[in-house]
Amino acid sequence: MKISGLHWTPYRLPFAGAFGTAQANLRVREGFIIRLDTDSGLTGLGEAAPLPEFGGGYPADVERWLAGWALEITGQPLANIEPLVAGLLAKGGPGAAATAFSLETAAFDVLAQAANLPLSQWLATNLINSPDHSATKTVPVNATIGQPQQQAASEAARQAVAAGFRCVKLKVGMAATVAGEVARVGAVRQAIGPLVKLRLDANGGWTVPQAVETLKALEQFDLELVEQPVAPVDLAGMARVRREVTIPLAADEPVTSLEAARAIIRAESADCLVIKPMVVGGLRVGLEIMELARAAGLGCFVTTTIDSGVGIAAALHLAANLLEPIPYCGLATASLLTGTLVKQVPLVEGGRMAVPRKPGLGMELL
Ligand SMILES: [Mg+2]
Numbered sequence: 001m002k003i004s005g006l007h008w009t010p011y012r013l014p015f016a017g018a019f020g021t022a023q024a025n026l027r028v029r030e031g032f033i034i035r036l037d038t039d040s041g042l043t044g045l046g047e048a049a050p051l052p053e054f055g056g057g058y059p060a061d062v063e064r065w066l067a068g069w070a071l072e073i074t075g076q077p078l079a080n081i082e083p084l085v086a087g088l089l090a091k092g093g094p095g096a097a098a099t100a101f102s103l104e105t106a107a108f109d110v111l112a113q114a115a116n117l118p119l120s121q122w123l124a125t126n127l128i129n130s131p132d133h134s135a136t137k138t139v140p141v142n143a144t145i146g147q148p149q150q151q152a153a154s155e156a157a158r159q160a161v162a163a164g165f166r167c168v169k170l171k172v173g174m175a176a177t178v179a180g181e182v183a184r185v186g187a188v189r190q191a192i193g194p195l196v197k198l199r200l201d202a203n204g205g206w207t208v209p210q211a212v213e214t215l216k217a218l219e220q221f222d223l224e225l226v227e228q229p230v231a232p233v234d235l236a237g238m239a240r241v242r243r244e245v246t247i248p249l250a251a252d253e254p255v256t257s258l259e260a261a262r263a264i265i266r267a268e269s270a271d272c273l274v275i276k277p278m279v280v281g282g283l284r285v286g287l288e289i290m291e292l293a294r295a296a297g298l299g300c301f302v303t304t305t306i307d308s309g310v311g312i313a314a315a316l317h318l319a320a321n322l323l324e325p326i327p328y329c330g331l332a333t334a335s336l337l338t339g340t341l342v343k344q345v346p347l348v349e350g351g352r353m354a355v356p357r358k359p360g361l362g363m364e365l366l
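The numbering of the sequence shown is this note's numbering, which starts it at 1 and goes up by one.
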């Protein structure tokens, strides 16, 4: 099968409401939907939407890579995408991971369609040699709450539970004082009741002493875990926090590659790894990090970077390859944006997301 064309369309999706993180208030997601055409008539989709607020590069970086390759790869065998993606990841730089993810997803979408398998199952069969493993048809997901105001956050959390979510993730690290943080987290815990899991995400917003003080004060709220309490570069500091507090820690922002995941494990910084295929550079690397975490005895789960339906679906197919019982994944992010760009975004019902069963990625653009 040969590549007959590579096309990219820019998109811009504003957030549906206020979305705060310790690093930035996010207002809009911008990126590209990639279409890879082949001489078989099959077409693959991918998404490249780096997060500039988190150091992932800009859409213009992605466009430079794509424009550089569009002519070069046309006419080449589809299989040549893989060395191209590997080369891009080895080179690195702004936008590289997002671009690699988009090209790889589009290529795998075509290959899975050609094999008449949903992408989740194609990954299980071809990349990890465990074809049964993705018999999973739904993945448990968390609701994500980014409203900075305490009352709005509690109300959103209450609505999430009413909609069937059994795990709520609250963005923290925005309060001016420890007391403010305790009040907001406490209000959300109260809103969701004692049985729903509550996890926090500080997006690296605390110093080591702040993280220790704040998390000790928050231990009373029966927290499932906290993502990235301290700066992503400070693996030793995160390990110190981990020794001081009882809440399990998940590393997120520093999980940028297989090698980076190894460094986190070596530094004993985390109990759990957050895998974002669009940040680590694709589904293959995502599966490798899953295996690495399993072998090291760490937990892991998959999240989006708040993407369109194309990126969400790719992450969902990856998450379907997590070992049972699958932990809550951060995939229910479609409602955070004003649109999804696809005809049928994977449904969330009873706090679980249905993995598309059509061959390939299973997404059709609007
Ligand atoms: Mg996070």
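Ideal placement from N, C-alpha and C gives every residue a C-beta, glycine not left out.
Taking the CB atoms as reference points, tell me whether residue i and residue j lie closer together than 8 Å.
i	j	result
Lys216	Arg166	no
Thr138	Arg352	yes
Val188	Ala157	yes
Leu218	Val185	yes
Ala33	Ser308	The residue you asked about is not Ala; residue 33 is Ile in the sequence shown. Yes, the pair counts as a contact, with Cβ atoms nearer than the cut-off.
Thr38	Lys2	yes
Thr338	Ala16	yes
Ile329	Val302	Looking at the sequence provided, one finds Cys at residue 329 rather than Ile. The answer is yes: Cβ separation under 8 Å.
Pro118	Gly362	yes
Pro50	Gly44	no
Gly205	Gln23	yes
Ala79	Leu89	no
Val345	Ile306	no
Ala211	Val172	no
Glu53	Leu13	no
Leu42	Val110	yes
Ala48	Ser102	yes
Ile192	Val208	no
Ala295	Ala267	no
Leu366	Val342	yes
Gly360	Ala112	yes
Phe19	Gly146	yes
Ala320	Thr136	yes
Answer yes or no: the CB of residue i versus the heavy atoms of ligand 1, is any distance below 7 Å?
i	result
Glu400	For the chain, the structure presents residues 1 to 366; residue 400 sits outside this window and is missing.
Val302	no
Gln23	no
Asn142	no
Gln220	no
Pro228	The question names Pro, but residue 228 is Gln in the sequence shown. For ligand 1, at least one heavy atom lies less than 7 Å from the Cβ of Gln228.
Val178	no
Asp201	yes
Val274	yes
Asp271	no
Asp234	no
Asp61	no
Asp252	yes
With H, G and I counted as helix, E and B as strand and the rest as coil, what does DSSP make of residue i?
i	result
Asp37	strand
Met1	coil
Glu213	helix
Leu88	helix
Val355	coil
Glu326	The amino acid at residue 326 is misidentified as Glu; the sequence shows Ile. If DSSP states are grouped into helix, strand and coil, Ile326 belongs with coil.
Ala101	The amino acid at residue 101 is misidentified as Ala; the sequence shows Phe. The answer is helix: DSSP assigns Phe101 an H, G or I state.
Asn129	coil
Val168	strand
Ile145	strand
Ile275	strand
Val178	helix
Val255	coil
Ala112	helix
Leu218	helix
Val245	coil
Val196	coil
Glu155	helix
Asn321	coil
Pro83	helix
Just mark residue i as buried or exposed, buried being the case when its beta carbon has 16 or more other beta carbons within 10 Å.
i	result
Asn142	buried
Glu364	exposed
Ser257	buried
Ser381	Because the chain in this structure spans residues 1 to 366, residue 381 falls outside the shown range and cannot be described.
Glu104	buried
Asn129	exposed
Glu72	exposed
Thr214	buried
Leu180	Per the sequence presented here, residue 180 reads as Gly, with Leu not at that position. With fewer than 16 other Cβ atoms within 10 Å, it is exposed.
Val274	buried
Gly46	buried
Taking contact to mean 3 or more Cβ pairs, one atom from each stretch, closer than 8 Å, check whether the stretch 318-325 and the stretch 63-70 are in contact. no
Hey, is the stretch 252-269 in contact with the stretch 223-232, meaning 3+ C-beta pairs nearer than 8 Å? yes
Under 8 Å, with one C-beta from each stretch per pair, do the stretch 3-11 and the stretch 19-34 reach the 3-pair mark? yes
Closer than 8 Å is the cut-off here; do at least three beta carbon pairs connect the stretch 259-271 with the stretch 284-293? yes
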